[in-house]
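Worksheet for the structure shown next.
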Amino acid sequence: MDIDLSAEDLAFQAEVQEFLDGNAYKPGEDYNAWRMGWFAAAREKGGWDVPKWPTAFGGPGWTPTQHYIWQKETATRATPWDMPFGTVMLAPMLMQYGSKDQQERFLPDIRSRKVNWCQGYSEPGAGSDLANLKTKAELTDDGKHYIVNGTKIWTTAAHIADWMFCLTRTDDSGRKQEGITFLLFPMNQEGVEVKPIITLGGAHSVNMVHITDVKVPVEDRVGEENKGWAVAKGLLQHERTGIAGISNSIVALEKLKDKARSVTRGNGSLMDDPGFRTKIAALEIDLMATEFTELRSLAAASAGTAPGPESSILKLKGTDIQQRTAKLTTEAGGLFAAAWGGKTAGPSFAREGMASYLASRAYTIYGGASEVQRDVIAKNVLGIKRSGK
Ligand SMILES: Cc1cc2nc3c(=O)[nH]c(=O)nc-3n(C[C@H](O)[C@H](O)[C@H](O)COP(=O)(O)OP(=O)(O)OC[C@H]3O[C@@H](n4cnc5c(N)ncnc54)[C@H](O)[C@@H]3O)c2cc1C
Numbered sequence: 000m001d002i003d004l005s006a007e008d009l010a011f012q013a014e015v016q017e018f019l020d021g022n023a024y025k026p027g028e029d030y031n032a033w034r035m036g037w038f039a040a041a042r043e044k045g046g047w048d049v050p051k052w053p054t055a056f057g058g059p060g061w062t063p064t065q066h067y068i069w070q071k072e073t074a075t076r077a078t079p080w081d082m083p084f085g086t087v088m089l090a091p092m093l094m095q096y097g098s099k100d101q102q103e104r105f106l107p108d109i110r111s112r113k114v115n116w117c118q119g120y121s122e123p124g125a126g127s128d129l130a131n132l133k134t135k136a137e138l139t140d141d142g143k144h145y146i147v148n149g150t151k152i153w154t155t156a157a158h159i160a161d162w163m164f165c166l167t168r169t170d171d172s173g174r175k176q177e178g179i180t181f182l183l184f185p186m187n188q189e190g191v192e193v194k195p196i197i198t199l200g201g202a203h204s205v206n207m208v209h210i211t212d213v214k215v216p217v218e219d220r221v222g223e224e225n226k227g228w229a230v231a232k233g234l235l236q237h238e239r240t241g242i243a244g245i246s247n248s249i250v251a252l253e254k255l256k257d258k259a260r261s262v263t264r265g266n267g268s269l270m271d272d273p274g275f276r277t278k279i280a281a282l283e284i285d286l287m288a289t290e291f292t293e294l295r296s297l298a299a300a301s302a303g304t305a306p307g308p309e310s311s312i313l314k315l316k317g318t319d320i321q322q323r324t325a326k327l328t329t330e331a332g333g334l335f336a337a338a339w340g341g342k343t344a345g346p347s348f349a350r351e352g353m354a355s356y357l358a359s360r361a362y363t364i365y366g367g368a369s370e371v372q373r374d375v376i377a378k379n380v381l382g383i384k385r386s387g388k
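This is the structure in structure tokens:
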């Protein structure tokens, strides 16, 4: 899709390209030094290190078109590794619900990427039904601390995180959604035990975290006691919008077409195969439609509106598109895609394809499973009531 860019937008696009090219990683450079330097340089540009933050907190205050340009340009170039938990998910909640003291303590280190965060939401008995969580936080008699006990599961990056934002239960007498409290605590302390979980593709990105008698000062509670559900839900909407990855999918689709063109099929290539072409076309149409939805969401965001239930549409469609792209990539690799994980046979893309495909199975689970997104869309976007209610 092309949108008409004004002269100012074209000038901005050129400035973004110049920044990205000028700060590109050079082979042999120390990766971490480059990464930190990149974010510092982006900050110097006027908040480019935190594109979605409001200007009041040092964000760039971009128009929807500028966000769109940034996403497009960064999708085609290697940008430094970054985790969404701090800048994309927790920071907006600290801005909305955090005290001035919390904003001053936590936002600078989130912004500089010096402190990594992880998300302690899911538990063995609470995933889609998140409000069912049981990790208990009890206030000490002097009212100064919470003592936290429980188990979190599927905690991405807990093994490299410095802090966790954690949903806890402080009251179980009423509705499940009432009685939840949002706490922050450091990972490197006695009572926090991180156990790795190795996923289908052989990667270690998720963990189980046992929390035993962890003492959290009341100052590290975000929002009011028992009112953490509002913070939890607000954060999820930011998470879902971030997972969609539309600009990356546009680049991935073009790469997929190139890969298919490199595979011989009869007298031509796989891209000449009507069956394969039909799947590519269907994917491309869905991708364009989802890109328009994302543009609407960007327009709302730059007008200062927090992402609403529409973020579920982006999460649902964006992850479906990522999965279909990964699946078609393994299909293009054919039999060679089965020989993954260091084995060499066939085209090089076939070797990485299977690992990406297996990893992609999780996209429609984390951040809220697709079935749950459909429920949210039915209820909050389409206004459909459950039958019998
Ligand atoms: C790779 C990965 C990374 C993750 N990272 C994190 C993280 O960093 N922090 C964190 O807190 N959590 C994380 N999660 C957990 C993730 O959010 C949960 O897995 C997800 O919410 C689903 O919960 P569950 O696994 O308990 O499955 P369940 O909720 O038990 O669901 C099982 C199945 O039932 C379906 N289902 C459930 N309820 C309904 C319903 N109402 N209607 C229709 N179908 C339904 C689901 O769609 C699913 O297919 C991660 C998960 C994965 C796979």
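If you're matching positions, the sequence shown starts at 0 in numbering that gives the first Met the number 0 and goes up one per residue.
Cβ coordinates follow ideal geometry from the N, Cα and C atoms, glycine included.
Note that the structure is a prediction, hence the values are computed from the model and not measured.
Just how far apart, CA to CA, sit residue i and residue j?
i              : j              : result
tyrosine 24    : serine 246     : 21 Å
arginine 389   : aspartate 319  : What is shown of the chain runs 0 to 388, which leaves residue 389 out entirely.
arginine 323   : leucine 282    : 7 Å
alanine 130    : leucine 166    : 9 Å
methionine 0   : glutamine 321  : A caution first: methionine 0 carries a pLDDT of 43, below 50, which makes its placement in the model unreliable, though a value can still be read off. Straight-line Cα distance between these residues: approximately 18 Å.
lysine 258     : glutamate 137  : 56 Å
glutamine 16   : tryptophan 47  : 13 Å
glycine 274    : proline 107    : 52 Å
proline 216    : glycine 45     : 35 Å
serine 386     : arginine 174   : 22 Å
tryptophan 37  : alanine 354    : 29 Å
glycine 317    : leucine 357    : 17 Å
isoleucine 146 : methionine 186 : 15 Å
Which term fits residue i, buried or exposed, when burial requires 16 or more other beta carbons within 10 angstroms of its beta carbon?
i             : result
tryptophan 80 : exposed
valine 213    : buried
glutamate 290 : buried
aspartate 140 : exposed
lysine 51     : buried
tyrosine 362  : buried
Would you mind working out which of the options sits nearest residue i, comparing C-alpha positions?
i                 : options                           : result
threonine 150     : Leu286, Gly124 and Lys44          : Gly124
alanine 160       : Glu137, Phe184 and Glu72          : Phe184
glutamate 309     : Ala243, Ala344 and Leu129         : Ala243
glycine 201       : Phe11, Leu269 and Arg360          : Arg360
leucine 235       : Pro91, Leu19, Phe38 and Ser386    : Pro91
arginine 42       : Gly60, Lys133, Tyr30 and Thr155   : Gly60
phenylalanine 105 : Pro63, Ile249, Glu218 and Gly126  : Glu218
glycine 126       : Asn115, Arg385, His144 and Ile152 : Ile152
arginine 112      : Leu89, Glu122, Val230 and Glu14   : Leu89
lysine 232        : Asp128, Val147 and Ala337         : Asp128
isoleucine 280    : Lys256, Arg76 and Lys384          : The amino acid occupying residue 280 in the given sequence is alanine; isoleucine does not appear at that position. Per the Cα distances, Lys256.
methionine 270    : Lys254, Ser98 and Tyr30           : Lys254
aspartate 100     : Trp162, Gly222 and Ala251         : Gly222
Kindly list the residues whose CB is nearer than 6 Å to the CB of residue i, restricted to its own chain and excluding five residues on each side of it in sequence; keep chain order.
i             : result
alanine 157   : Cys117, Val193, Asn206 and Val208
aspartate 272 : Arg264
serine 347    : none
Spatial neighbours of residue i within its chain, please: CB distance less than 8 Å, with the 5 preceding and 5 following residues excluded, ordered by chain position.
i                : result
asparagine 225   : Thr169, Asp170, Glu177, Gly178, Ile179 and Thr180
arginine 239     : Pro306, Ser310, Ser311, Leu313, Lys314, Gly366, Gly367 and Gln372
isoleucine 68    : Leu4, Asp8, Phe11, Gln12 and Val15
proline 297      : Note on identity: in this sequence residue 297 is leucine, with proline being the wrong assignment. The residues are Pro63, His66 and Tyr67.
phenylalanine 18 : Ala40, Ala41, Lys44 and Trp47
Which residues does DSSP list as the beta-bridge partners of residue i?
i              : result
isoleucine 196 : Val205
isoleucine 179 : Arg168 and Lys226
valine 147     : Ala136 and Val213
glycine 267    : Arg264
Leaving out five residues before and five after residue i in sequence, what residues of the same chain have Cβ atoms less than 7 Å from its Cβ?
i             : result
valine 49     : Gly57, Gly58, Thr86 and Arg110
threonine 329 : Ala336, Gly352, Met353 and Tyr356
For a test of your reading of the model: does the CB of residue i fall under 7 Å from any non-hydrogen atom of ligand 2? Yes or no.
i              : result
isoleucine 197 : No copy of ligand 2 occurs in the structure displayed; its ligands are ligand 1 alone.
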